[in-house]
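Residue 5 is where the sequence shown starts when you use our numbering, and the numbers rise one by one after that. Worksheet: one structure, shown below.
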Amino acid sequence: MALRTLPGEVDFKSGTTFASLFNNAQYSDVTIYLGESKVLFAAHLVVLGTRCPYFDNMFRSGFKESITKEISFEKDSSHALWRALCYIYTGDYSDEPSEALTFESDDLELFKHLRVFALADMLRLDDLKLIACKKFEHQLEQHWISDTLPDCVREVYSTTNNFDSKGMRIAIVNAVASHKEELVHKRPFQDLIREVGDFAVDLVLKIAKKSSGWG
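Okay, here's the thing in structure tokens:
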């Protein structure tokens with residue numbers, strides 16, 4: 005019997021092509037375990053391999069995961085992983101926590117998209133990095149006054165570099181520069197400036213550019 009050909013208009017690089025299969029046990033041939041609670045995610049090799057270079061390499065490598073088709077992410081944020089998988093299947097992700105992860109605490113507001121960005125970097129998903137960066141900018145607009153801002157800056161500068169992750173650093177420096185008068189008198193913020201030298205330099209340069217009318 006002749007094989008049926010796929011319609012020419014199907015774009016396997018588009019996440020929306022696979023939205024109906026998201027965490028769907030039907031035709032699932034890969035199991036992903038999320039977080040310390042090992043929450044099960046029903047995945048599909050064709051989706052992961054087509055949409056994500058990291059998984060594509062994994063399944064071609066001959067390593068254990070390529071044989072068992074079981075992948076465990078215990079150290080990464082389970083909610084960030086869920087959001088990254090949602091992007092792989094649908095092309096986007098939500099800020100809202102998943103009902104499937106009720107036993108796993110969600111990341112705080114300023115850390116949600118930062119941790120998705122870090123995973124996107126590991127998974128080599130450049131479009132997801134752009135989406136996460138935009139969402140991070142929006143969160144900074146709303147939560148710059150949060151007591152968690154100093155720790156957010158620390159995590160940004162410890163998990164990114166000034167080359168392929170420059171957007172995240174720019175986003176947080178811009179947010180801080182816009183509210184420097186309110187932040188500069190806070191002791192935790194002063195401690196942050198003393199501690200994270202790269203951030204201090206970036207912030208001074210941003211403020212100097214603003215003062216000169218260039219930034």
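Virtual Cβ for every residue (Gly too), placed ideally from N, Cα, C.
Using DSSP with H/G/I as helix, E/B as strand and the rest coil, what is residue i?
i	result
Y91	helix
S109	coil
I135	helix
S76	strand
V200	coil
A47	strand
K190	coil
I149	coil
Give the straight-line distance between the Cα atoms of residue i and residue j, rounded to the nearest whole angstrom.
i	j	result
E103	S182	36 angstroms
L7	W86	Caution is warranted here: a pLDDT of 40 is assigned to L7, below 50, making its placement in the model unreliable, and the coordinate value is therefore given only provisionally. Going from the Cα of L7 to the Cα of W86 covers about 35 angstroms.
D96	K139	11 angstroms
C137	C56	19 angstroms
L25	F121	23 angstroms
F22	V51	7 angstroms
S98	C156	20 angstroms
So, are the CB atoms of residue i and residue j less than 9 angstroms apart?
i	j	result
Q143	E186	no
R173	D206	yes
K42	S76	yes
A88	A124	yes
I135	Y91	yes
D151	R119	no
K73	D33	yes
F67	L127	no
Starting from residue i, trace the beta strand (DSSP E) in both directions and tell me its first and last residue.
i	result
L38	34 to 38
Could you pull the start and end residues of the alpha helix (DSSP H) that residue i belongs to?
i	result
R173	170 to 182
P154	153 to 163
R64	57 to 64
Taking residue i and residue j to be in contact with their CB atoms under 8 angstroms, please state how far apart those CB atoms are, rounded to whole angstroms.
i	j	result
N61	A46	About 22 angstroms separates the two Cβ atoms, so there is no contact after all.
V200	Y161	5 angstroms
I149	K184	Contact flag wrong, Cβ pair sits at about 13 angstroms.
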